[in-house]
Amino acid sequence: MAGSIFLIQNNGILSKMEDTPYEKELDLQRLLAEYPDLLAGDQIDTNQPRRWLLISREMALPSEEDGPGRWLVDHLFVDQDAIPTIIETKRGSNTQIRREIVGQVLEYAANAILYWPVDVLKDNFQNRCRAEGQDPDQVLSQFLNGIFDNQDFWKRMESNLKSGKIRLLFVSDKIPETLTRIVEFMNQQMRDTEILAVEIRQFVSNDHKALVPRVLGQTEEAKAAKSSVSLPRQDERMFLNSLSEERKLFHEVILSLKDTDGFRLNWTARGYSLSYALGEKYVLILQGNLPYGNFNEGCYSTFWSIRDNVPSSADLIKKYSERLLATGLFEKTRSPFEVRCKPSITFDEEKGQELLQIFLDLTSSLRTIS
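For reference, each letter of the sequence shown is one residue, going -1 to 368 in our numbering.
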């Protein structure tokens, strides 16, 4: 894309916006940190759009075990499937974008899978959140929205790193054709690692600025090869048929809540989330996910959403956490706003009725105090 775009303002005036380079590379880096959606996750994967969580900016990367940082990676993001995503930004006017950037990013990738312990990445994420006045556990739980629990997410990220399942993104306001061809070739040849370029053009007028991202370097062959490892969105039949008989009975009881007024059931690639309507908003009540790789099937009753959306809910959260734990079906996690189904449970009709009553009482209490 080149030239101009046009904006029709509310007063009917047509405003011309000119294609304008970023003044500094730092400007583009700041935009990515503040607005990760500029990485165009819906173009990278149209079936399951990628969502982004920033681990850290200027992430130190060593070239030997326990060594000091030799390089600084512009950004390290991770997507909802715990795939680490290394970002290298360059302005289009920087001559390094022609060839040097390719060798630089491949060097990052080769060392990242060897010398980035997941505990270091976790520490960087937590430090970044705290520096911004945020609770790291809360940020991660809201991002995952039931796909994994927090602990399993970091394990999955470690597994992805060790197996080379990572993503490399070249980001610039202008991607040259030479780089696009290199990226297309590399993307076709590398099955586990995805390599793409994201061009983010900036269009400016006197009063407005527009940013237009475009993903380059994907070929149909590469997309087909990489999408073959993606998981389809679950439905109730698929989900229940993947479970043991006892776990199946447990989740059948939970899923029956979807037929109760106020409850809403959403399916993801990993499982489901169950929310409850409070006025015009929904609060998350339950999450269930399938086993995947080294990760066990799980069910979580999460109170983050209640805490954030229902004033003076601390006592209610404590009360219903304790009731769930008292059933013998759930156990504590590191978070005071979440309990997890035990790996091994004894479940029968009586337990099922007890569980249903707890969630019906919870939603009744929510209606009372909200």
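Note that the Cβ used here is the ideal one computed from N, Cα and C, for glycine as well. Note that the structure is a prediction, hence the values are computed from the model and not measured.
For this session: Note down the Cα distance separating L263 from L247, rounded to an integer number of angstroms.
Result: Residue mapping note: residue 263 aligns to position 265 of the sequence shown, counting from 1. Residue mapping note: residue 247 aligns to position 249 of the sequence shown, counting from 1. Cα to Cα, L263 sits roughly 18 Å from L247.
Exercise. Mind checking whether L159 and L194 have CB atoms under 9 Å apart?
Worked result: Residue mapping note: residue 159 aligns to position 161 of the sequence shown, counting from 1. Residue mapping note: residue 194 aligns to position 196 of the sequence shown, counting from 1. Cβ distance not < 9 Å, so L159 and L194 don't count as in contact.
Exercise. DSSP on G326, reduced to helix/strand/coil?
Worked result: Taking the first residue of the sequence shown as position 1, residue 326 is located at position 328. Note: G326 maps to coil in three-state DSSP.
Exercise. Which residue's Cα is closest to the Cα of I343: H249, P334 and E278?
Worked result: One-based indexing of the sequence shown puts residue 343 at position 345. For I343, the nearest C-alpha among the options comes from H249.
Problem set entry | Through-space distance from R89 to K22, alpha-carbon basis | As a working note, residue 22 is residue 24 in the sequence shown. As a working note, residue 89 is residue 91 in the sequence shown. C-alpha separation (whole angstroms): 8 Å.
For this session: Could you tell me whether the Cβ atoms of I53 and L26 are closer together than 9 Å?
Result: Within the sequence shown, the letter at position 55 stands for residue 53. Within the sequence shown, the letter at position 28 stands for residue 26. No, the pair does not count as a contact, with Cβ atoms beyond the cut-off.
For this session: Measure the Cβ-Cβ separation of F328 and G286 and say whether it is below 9 Å.
Result: Here residue 328 corresponds to residue number 330 of the sequence shown, with the count starting at 1. Here residue 286 corresponds to residue number 288 of the sequence shown, with the count starting at 1. No.
For this session: Assign R126 to buried or exposed, taking buried as 16 or more other Cβ atoms, counted over all protein chains shown, within 10 Å of its Cβ.
Result: In the sequence shown, residue 126 corresponds to position 128, counting from 1. So R126 counts as buried.
Exercise. Would you say the stretch 359 to 366 touches the stretch 263 to 278, given that touching needs at least three Cβ pairs under 8 Å?
Worked result: yes
Exercise. Which of helix, strand or coil does DSSP assign to Q216?
Worked result: Here residue 216 refers to the residue found at position 218 of the sequence shown. Three-state result, Q216: coil.
Exercise. Within 10 angstroms of its Cβ, does S311 collect 16 or more other Cβ (buried), or is it exposed?
Worked result: Within the sequence shown, numbered from 1, the residue matching residue 311 stands at position 313. So S311 counts as buried.
Problem set entry | For R165, the residue or residues it bridges with in DSSP | On the sequence shown, residue 165 is found 167 positions in, with the first residue counted as 1. Its beta-bridge partners are T83 and E192.
Problem set entry | Outcome for R28 when other beta-carbon atoms lying within 10 angstroms are tallied against a minimum of 16 | Here the question's residue 28 lines up with position 30 in the sequence shown. By the neighbour-count rule (16 or more Cβ atoms within 10 Å), R28 is not buried but exposed.
Exercise. Buried or exposed: where does L272 fall if 16 or more other Cβ atoms within 10 Å of its Cβ makes it buried?
Worked result: Position 274 of the sequence shown, counted from the start, is the residue given in the question as residue 272. With 16 or more Cβ atoms within 10 Å of its Cβ, L272 is classed as buried.
Exercise. Which of the three DSSP states, helix, strand or coil, is assigned to N292?
Worked result: Sequence index remark: in the sequence shown, residue 292 carries index 294 (1-based). Confidence at N292 is low in this model, with a pLDDT of 41, below 50, so the placement of that residue should be treated as unreliable; the coordinate-derived value is given next. Reduced to three states, the DSSP call for N292 is coil.
Problem set entry | Helix, strand or coil at T300 according to DSSP, with G and I counted as helix | In the sequence shown, counting from the first residue as 1, residue 300 sits at position 302. Strand.
For this session: Note down, in chain order, each residue of its chain lying with its Cβ closer than 6 Å to the Cβ of G291, except the 5 sequence neighbours on either side.
Result: Working through the sequence shown from its first residue, we reach residue 291 at position 293. Residue placement at G291 is poorly supported in this model, since its pLDDT is 45, which falls under 50; the coordinates still yield a value, given next. There are no such residues.
Exercise. Below 9 Å between beta carbons: does that hold for T331 and Q149?
Worked result: As a first step, residue 331 is located in the sequence shown; it is residue number 333 there, counting from the start. As a first step, residue 149 is located in the sequence shown; it is residue number 151 there, counting from the start. Cβ distance < 9 Å, so T331 and Q149 count as in contact.
For this session: With a 10 Å radius around its C-beta and 16 neighbouring C-beta atoms as the bar for buried, classify N45 as buried or exposed.
Result: One-based indexing of the sequence shown puts residue 45 at position 47. By the neighbour-count rule (16 or more Cβ atoms within 10 Å), N45 is not buried but exposed.
For this session: Taking L241 as the reference, give the member of I84, L112, S203 and G296 with the closest Cα.
Result: By one-based count along the sequence shown, residue 241 stands at place 243. Measuring from the Cα of L241, the nearest candidate turns out to be G296.
For this session: Report the option in G65, R338 and H206 whose CA atom is closest to the CA atom of N385.
Result: The displayed coordinates of the chain run from -1 to 368. Any statement about residue 385 would go beyond what the structure contains.
For this session: Compute the beta-carbon to beta-carbon distance between I111 and G162, rounded to the nearest angstrom, for a pair I have assumed lies under 8 Å.
Result: What you label residue 111 is simply residue 113 of the sequence shown in a count that begins at 1. What you label residue 162 is simply residue 164 of the sequence shown in a count that begins at 1. Their Cβ separation, rounded to whole angstroms, is 5 Å, which keeps I111 and G162 in contact under 8 Å.
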